[in-house]
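Scroll down for the structure; my scribbles are underneath it.
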Amino acid sequence: NSANTASVAGSFAFPTPATAPGAGTASQSVTFTPTDTTDYNSATVSASVTVNKQTPVLTAPVATAIAYGQTLTNSSLSGGAATNSANNAAVAGSFAFTTPTTAPGAGTANQSVTFTPTDTTDYNSTTVNVSVTVNQASPTLAFSSSKNPSGFKESVIFTANLPADATGNVNFLNNGVLFDARTLSGGSATATNSTLPNGTNLITAIYLGNSNYLGRTNALNQIVTNTPPVLAAITNRTVNVGQTVAFTASV
Numbered sequence: 160n161s162a163n164t165a166s167v168a169g170s171f172a173f174p175t176p177a178t179a180p181g182a183g184t185a186s187q188s189v190t191f192t193p194t195d196t197t198d199y200n201s202a203t204v205s206a207s208v209t210v211n212k213q214t215p216v217l218t219a220p221v222a223t224a225i226a227y228g229q230t231l232t233n234s235s236l237s238g239g240a241a242t243n244s245a246n247n248a249a250v251a252g253s254f255a256f257t258t259p260t261t262a263p264g265a266g267t268a269n270q271s272v273t274f275t276p277t278d279t280t281d282y283n284s285t286t287v288n289v290s291v292t293v294n295q296a297s298p299t300l301a302f303s304s305s306k307n308p309s310g311f312k313e314s315v316i317f318t319a320n321l322p323a324d325a326t327g328n329v330n331f332l333n334n335g336v337l338f339d340a341r342t343l344s345g346g347s348a349t350a351t352n353s354t355l356p357n358g359t360n361l362i363t364a365i366y367l368g369n370s371n372y373l374g375r376t377n378a379l380n381q382i383v384t385n386t387p388p389v390l391a392a393i394t395n396r397t398v399n400v401g402q403t404v405a406f407t408a409s410v
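Residue numbers for the sequence shown follow my numbering, so the first one is 160 and each next one is one higher.
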């Protein structure tokens, strides 16, 4: 009471309690209603109200599958939703992978996705996990011969080249028969064969695959020809007419 400084019983309340202010700090009107409405009038005063930003509740989107070697940018996100937990209203915004340059290994694993609200004044960004399937990749297999055609009993080196991060084994076959098996090193494996028969030999390299790469096969025709013999030099010799001479050839 301004006349005698006596306390006046009553209560305070917001005159528009249904108002939902934006995030930040602002003055809001408050109404005082006295208990004794015969002797006292209602009055208003301003109160400072701080509204914190809302963190939306997320429903995760769905990610499309990618192949090993691709990054998350190659996966598309669809669906998903964000909701204001205070009033269940939809929150506009977009989903994107948190680390889009990540290239996961083959298999299925959770990846972080960030929701960015359109209204960044009133809402926080937040994250949710989505399941991403990474399929095995089909590698390139380059297959070559050190010499083609080659001579009979001549050593030939066969080289199989795959991606540098490929691991596992390569089987080498001649006309369908295994003649060597090698473990990849730096994505490469070699096998040597000096017992190929004359003619056309179908040489096949079979990569057996690993957790990230599918198996792969490549082949080539190795031609083996008879090698002309190398004759030793014949020493000059003087003979008489009618004399028998023996010649010896060494190969």
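Note that the Cβ used here is the ideal one computed from N, Cα and C, for glycine as well.
Please read all numbers here as calculations on a predicted model, not as lab measurements.
Boundaries (first-last residue) of the beta strand (DSSP E) holding residue 250: Where residue 250 is concerned, there is no enclosing beta strand (DSSP E), given that its DSSP letter is neither H nor E.
Beta-carbon spacing of residue 234, residue 222 below 8 angstroms: The beta carbons of residue 234 and residue 222 sit closer together than 8 angstroms.
8 angstroms Cβ shell around residue 323 - same chain, five flanking residues per side excluded: Once the five neighbours on either side are set aside, the close Cβ partners of residue 323 are 345 and 346.
Cut-off 8 angstroms between Cβ atoms - residues of its own chain near residue 309, not counting five sequence neighbours on either side: Counting only Cβ-Cβ distances below 8 angstroms, and skipping sequence neighbours, we find 315, 355, 381, 382, 383 and 384.
Selected residue, minimal CA-CA separation from residue 175, among 165, 199, 162 and 205: The closest CA to that of residue 175, considering only 165, 199, 162 and 205, is found on 205.
Which listed residue (274, 189, 209 and 370) has its alpha carbon closest to that of residue 263: The shortest Cα separation from residue 263 among 274, 189, 209 and 370 belongs to 370.
Residue range of the unbroken beta strand (DSSP E) whose run includes residue 241: That run of the beta strand (DSSP E) goes 240-242.
Nonlocal neighbours in the same chain, by C-beta distance under 8 angstroms from residue 337, ignoring five residues either side: Scanning its chain for C-beta atoms nearer than 8 angstroms, with the 5 sequence neighbours on each side dropped, one finds around residue 337 the residues 330 and 331, in chain order.
Alpha carbon of residue 353 to alpha carbon of residue 317, nearest angstrom: Looking at the two C-alpha atoms, the distance is approximately 11 angstroms.
The stretch 266-276 / the stretch 297-307 touching (three or more Cβ pairs under 8 angstroms): Segments in contact, no.
DSSP-derived helix/strand/coil call for residue 231: Helix, per DSSP.
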